[in-house]
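So in numbering that gives the first Met the number 0, spot 142 of the sequence shown is number 141, and the numbers just go up one at a time. No residue lacks a Cβ here, since even glycine has one placed at the ideal position from N, Cα and C. Owing to the predicted nature of the structure, the values given are computational and were not obtained by experimental measurement. A short worksheet on the structure shown next.
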Amino acid sequence: MTAITSAPPPPRADWRQQLDAWSDLVNPAVVKDIRQGLRTRSFWASFALTLLASLAISVGVWLEIRDENARMNGGQAIVAYLLCVSAVQFLIVPFTGYLSLLRERNDAGWELLTLTGLGARRLLHGKLLAYCLQSALYASAAVPFLLFCYYLNGVDVLQIAAAIVLGSAWTVLLLAGAMFAGAMSFGGKIDRAVDALTTFLVLGGLAIGAPMGFGVMYGIGLVLAKHPPSFPVGLGAWTWGIVGFGMLALELAVDFLARHNERDARGSKYVPALCCIGSSVAAFIVWIVWRV
Numbered sequence: 000m001t002a003i004t005s006a007p008p009p010p011r012a013d014w015r016q017q018l019d020a021w022s023d024l025v026n027p028a029v030v031k032d033i034r035q036g037l038r039t040r041s042f043w044a045s046f047a048l049t050l051l052a053s054l055a056i057s058v059g060v061w062l063e064i065r066d067e068n069a070r071m072n073g074g075q076a077i078v079a080y081l082l083c084v085s086a087v088q089f090l091i092v093p094f095t096g097y098l099s100l101l102r103e104r105n106d107a108g109w110e111l112l113t114l115t116g117l118g119a120r121r122l123l124h125g126k127l128l129a130y131c132l133q134s135a136l137y138a139s140a141a142v143p144f145l146l147f148c149y150y151l152n153g154v155d156v157l158q159i160a161a162a163i164v165l166g167s168a169w170t171v172l173l174l175a176g177a178m179f180a181g182a183m184s185f186g187g188k189i190d191r192a193v194d195a196l197t198t199f200l201v202l203g204g205l206a207i208g209a210p211m212g213f214g215v216m217y218g219i220g221l222v223l224a225k226h227p228p229s230f231p232v233g234l235g236a237w238t239w240g241i242v243g244f245g246m247l248a249l250e251l252a253v254d255f256l257a258r259h260n261e262r263d264a265r266g267s268k269y270v271p272a273l274c275c276i277g278s279s280v281a282a283f284i285v286w287i288v289w290r291v
């Protein structure tokens, strides 16, 4: 009788091979933009300035509360922190996303990305995700200091949570709007005058959107925190609605970019964005009725 020998087990993949296999599943635009963003001096300068500004505010608050007769209101401290975060999240991050699309067009990066099989949707979605991750890195420099306001008078933890969530949603909205403006530049020949005008309009829009974002973070967050039972519904309605309008702007950018840069333009998916907006309106009505 011949002995039956079992086949040797297949060799286990090295962790480097597994990491390479997982990285192939990631959108190349995400990896490309994150690597480029983390290498720039502007990113680290903005991150360091945000960190130093938050630290300076915290030191000022600590010096203020050392005086026994002084009563530092947490509302004053949270306003200072949110102003610091708004300058980065609502101005620098969306404008950098807009410039990245212009760089793809001017450096012929779009043609190279299309060779990898990327379409307009994957390109814009990847860029949006990459700059949202960079925005999260910026926020990580200020959020620990923002939580310091909880130990002061006049600030509820619900208000801090609402400010973080609503600020993130508003960043998505401004990023999608900036990328829509950048996608519009792919329609014709490169014209410096048109680019300058578009850049001026984007800066003007961000200059208007940044104070509005600060008002949403602070004002709406304060209103939501005053009624804890309806807090989840109200926060979900506002967040879902803001993100829905951002999705709609991004799909418009996808549609425009696909029509001018792909032979077989794929239709945009407006239905999810419209459903997002519609459901947020329904939740907003429920929130209003609940508060009354």
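What are the boundary residues of the alpha helix (DSSP H) that residue i is part of?
| i | result |
| --- | --- |
| D194 | 191-214 |
| Q133 | 119-145 |
| Q88 | Careful: Q88 lies outside any alpha helix (DSSP H) and carries neither H nor E. |
| S99 | 92-105 |
| K31 | 27-38 |
| L374 | Not covered by the structure: residue 374. The range shown for the chain is 0 to 291. |
| G220 | 220-224 |
Does the beta-carbon distance from residue i to residue j come in below 8 Å?
| i | j | result |
| --- | --- | --- |
| L223 | L157 | yes |
| L132 | I241 | no |
| V29 | L128 | yes |
| A141 | T39 | no |
| Y80 | F144 | yes |
| A76 | V60 | yes |
| W239 | I219 | no |
| L205 | L90 | yes |
| V215 | L173 | no |
Answer with buried or exposed for residue i, where buried requires no fewer than 16 other C-beta atoms within 10 angstroms of its C-beta.
| i | result |
| --- | --- |
| I207 | exposed |
| R262 | Reliability of the predicted coordinates at R262 is poor, the pLDDT of 45 falling under 50, and the value obtained from them is presented with this limitation in mind. Exposed: under 16 other Cβ atoms inside 10 Å. |
| L37 | exposed |
| L18 | Below a pLDDT of 50, predicted positions are generally treated as unreliable, and L18, at 49, falls in that range; no measurement from the model is reported. |
| R102 | exposed |
| T1 | At T1 the pLDDT is 49, less than 50, meaning the model places this residue with poor confidence and gives no usable figure here. |
| V84 | buried |
| A119 | buried |
| A182 | buried |
| A195 | exposed |
| A282 | buried |
If you draw a straight line from the alpha carbon of residue i to that of residue j, how long is it in whole angstroms?
| i | j | result |
| --- | --- | --- |
| A52 | R258 | 44 Å |
| E250 | G96 | 16 Å |
| G245 | T170 | 9 Å |
| I284 | L256 | 35 Å |
| M178 | I64 | 44 Å |
| L54 | D254 | 43 Å |
| C148 | P93 | 27 Å |
| G233 | A192 | 44 Å |
| N105 | F42 | 21 Å |
| G212 | I159 | 15 Å |
| G235 | H226 | 14 Å |
| Q88 | A209 | 8 Å |
| A264 | A252 | For A264, the predicted structure reports a pLDDT of 47, less than 50, and the residue's modelled location is therefore unreliable. A value from the coordinates is still provided. Spanning the two alpha carbons is a distance of roughly 13 Å. |
| A248 | G176 | 6 Å |
| P231 | I276 | 17 Å |
| D155 | L146 | 10 Å |
| S279 | I287 | 12 Å |
| A161 | S229 | 13 Å |
| R121 | P27 | 9 Å |
| L221 | V78 | 11 Å |
| A168 | L62 | 34 Å |
| L98 | A47 | 21 Å |
| A44 | G243 | 32 Å |
Tell me whether residue i counts as near the ligand NAP, meaning its Cβ is closer than 7 Å to at least one heavy atom of that ligand.
| i | result |
| --- | --- |
| W43 | Within the structure as shown, the ligand NAP is missing, as the structure has no ligands at all. |
Report task. Assess, as a yes-or-no matter, whether the segment 136-155 is touched by the segment 191-202 under the definition of 3 or more beta carbon pairs within less than 8 Å. Result -> no
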